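>
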Amino acid sequence: MNILITYGRKKPHPPFGTHLVRAFRTLGHHAVLLPVRDRPLWGTCVKRLPKPWKSHWEWKPKEFAIHKVFKAMDQARYDLLIELGGNLFTDSALHTIKKRSRMQVAAWLTEGPLKKELHIGLSAYDRIVSTSMVAVRQLHEMGFPEAAYLPFATDPDYFHPRSDSTTQAPLPLGQIGTFSEKRVRYLEPVSDLGLVIWGPNWDTMCSSLPLRRALIGRRGVYGRKLVDCYQMTKILINIQREHLMVPTPSGQRESTELQWRHFDIPACGNLLLTEWVMELPDAFQVGKETDAFSSPEELRDKARYYLTHENQRKAMVKRGRERVLRDHTYIQRAQNWIDWFDHTQRKSF
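In terms of the numbering used here, the sequence shown opens at residue -2 and continues consecutively.
#1: Quick check: the Cα distance between P12 and H325, rounded to an integer number of angstroms?
#2: Spell out the partners DSSP gives P32 in its beta bridges.
#3: What did DSSP end up calling T164 once you bin it into helix, strand or coil?
#4: I need the straight-line Cα distance from R97 to Q329, nearest angstrom please.
#5: Out of I262, E307, W195, K59, state which residue places its alpha-carbon closest to the alpha-carbon of A150.
#6: Check this for me: beta carbons of I348 and A20, under 8 Å apart or not?
#7: Output the distance between the C-alpha atoms of T245 and A73, rounded to the nearest integer angstrom.
#8: Of all the options T201, R210, M202, which has the alpha carbon lying nearest to the alpha carbon of I194?
#9: Go ahead and pull the three-state DSSP assignment for Y146.
#10: Is it a yes or a no for the region 279 to 287 touching the region 311 to 323, going by three-plus beta-carbon pairs under 8 Å?
#11: Would the beta-carbon of A331 fall within 8 Å of that of L17?
#12: E286 by DSSP, collapsed to three states: which one?
#13: Rounded to a whole number of angstroms, what is the C-alpha to C-alpha distance between V91 and T15?
#14: Within 10 angstroms of its Cβ, does I213 collect 16 or more other Cβ (buried), or is it exposed?
#15: Considering only the alpha carbon of each residue, which of T3, Y302, M242, D123 lies closest to K179?
#16: Residues in the same chain with beta-carbon distance under 7 Å from I94, minus the five sequence neighbours each way, listed in chain order, please.
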């Protein structure tokens, strides 16, 4: 099977698309990753032109993306197009793609709950999956009953425990991510437990002196540097972004969508303490393979416990990594796509 996977920018990015392509190739299929959101040089120059001129030379991302897809289709024949992220192609563009190539087109939505206007561009897809169960319920309500839940995963060849015999002691507690007031509320109570922070805007927007002292990296962390951070930190904290919070029937707010780090950190052989996410029990045994918190106080209690109970932490890390390798690699996600494609082909005969 020949698979074309459209993705965002080349850098910086979590290498989601790269891992998925590698998984398809490992399973014996031909897969190509096509970054379609990179602004060309002329598009960057247009941004600096006076306003009257911009209207004549405006860079239109969706038109640019579809042009790149058509160019790829002219160079090779594909059986399946998977759009990672969603909300890029219009219905008319997708119909044109299908008419020209007769390939199946699918979307893997990865941005949590759907925006109300997104359903306008979804009717032409042959398959829609999402990393958020909330988004799947929304899709069902919009009239897409076959929309399915498919979470992120990990690539154990990329995310793995440190193999060298370094004598440097691992860092006790870490947080990777952009500054937010929500993260300040959670992190201040653990700032005295050896916390270190990597991420942008903490040095300019954070007024908490203990957290500013914990800052050791002022930029986003990607690629191999991200793996290094995971490997050198005993416990990493995940605090969900605000747009992933949704209201519950009880009037509370709950987080949706497991992130890359929910799978990548266990794969690296260290412990993830995550804010509670509604999909978490679907992926792990909470309290045995990973652990979660719902308040700053609970985060502090659990961080202190695992930092002072080494055997319990290591046992959880071992179980968490075993679970990830068994159920949550991109090999398994790629196989899910292959099984679906084979099923649709059998139905068509």
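C-beta: ideal position from N, C-alpha, C; glycine also.
It should be emphasised that the depicted structure is a prediction, and the values quoted were computed from it without experimental measurement.
With the structure as the only source:
#1: Distance from the CA atom of P12 to the CA atom of H325, rounded to whole angstroms, is 16 Å.
#2: Bridge partners of P32: Y4.
#3: Per-residue confidence for T164 stands at a pLDDT of 48, beneath the threshold of 50, marking its modelled position as unreliable; no derived number is given.
#4: So the two alpha carbons sit approximately 30 Å from each other.
#5: Ranked by Cα distance from A150, the first of I262, E307, W195, K59 is I262.
#6: Nothing in the structure corresponds to residue 348, since the chain is present only between -2 and 346.
#7: Rounded to the nearest angstrom, the gap between the Cα atoms of T245 and A73 is 47 Å.
#8: When only C-alpha atoms are compared, the closest one is R210.
#9: In the three-state DSSP reduction, Y146 falls in the strand class (E or B).
#10: Touching, per the Cβ criterion.
#11: A Cβ-Cβ contact shorter than 8 Å links A331 with L17.
#12: E286: coil per DSSP, three-state reduction.
#13: This sequence places Leu at residue 91; Val is not what is there. Those two C-alpha atoms are separated by around 23 Å.
#14: Per the 10 Å Cβ criterion, exposed.
#15: Comparing Cα positions, the closest option is M242.
#16: Same-chain partners within the cutoff: V66, L78, V102.
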